[in-house]
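In this note's numbering, the protein residues as written are 20 to 93.
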């Protein structure tokens, strides 16, 4: 799936909107220096400042990181 819109509410923050709630796993490919930390947060809605606003309690931040030849997967 490709995002419908992309915004940058703050420096270093990239927000991609798929315009639908999708169950499953994220898969992305990025370029950058090995060891750079990438944080991914899924949310069903956005707040007034365009940041994730999960509908359920708890943190939706993905912290399971693996590095394979400069390709990051979660």
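For each residue, glycine too, the CB sits at the ideal point set by N, CA and C. Just so it is clear, the structure is predicted and the values come from calculations on it, not from any experiment.
Reference residue i; option with closest CA among the options
{"i": "residue 61", "options": "23, 24 and 34", "result": "34"}
{"i": "residue 42", "options": "49, 66 and 20", "result": "20"}
{"i": "residue 39", "options": "28, 24, 51 and 68", "result": "24"}
{"i": "residue 22", "options": "45, 50 and 51", "result": "45"}
Where residue i falls: helix, strand or coil (DSSP)
{"i": "residue 46", "result": "coil"}
{"i": "residue 36", "result": "strand"}
{"i": "residue 41", "result": "coil"}
{"i": "residue 55", "result": "coil"}
Any non-hydrogen atom of the ligand GTP closer than 7 Å to residue i Cβ
{"i": "residue 27", "result": "In the structure on display, the ligand GTP does not appear, and there are no ligands present to speak of."}
N- and C-terminal bounds of the beta strand (DSSP E) containing residue i
{"i": "residue 30", "result": "First-last for residue 30: undefined, no H or E at that position."}
Cutoff 8 Å: residue i Cβ touching any chain D Cβ
{"i": "residue 68", "result": "In the structure shown, chain D does not exist; there is a single protein chain."}
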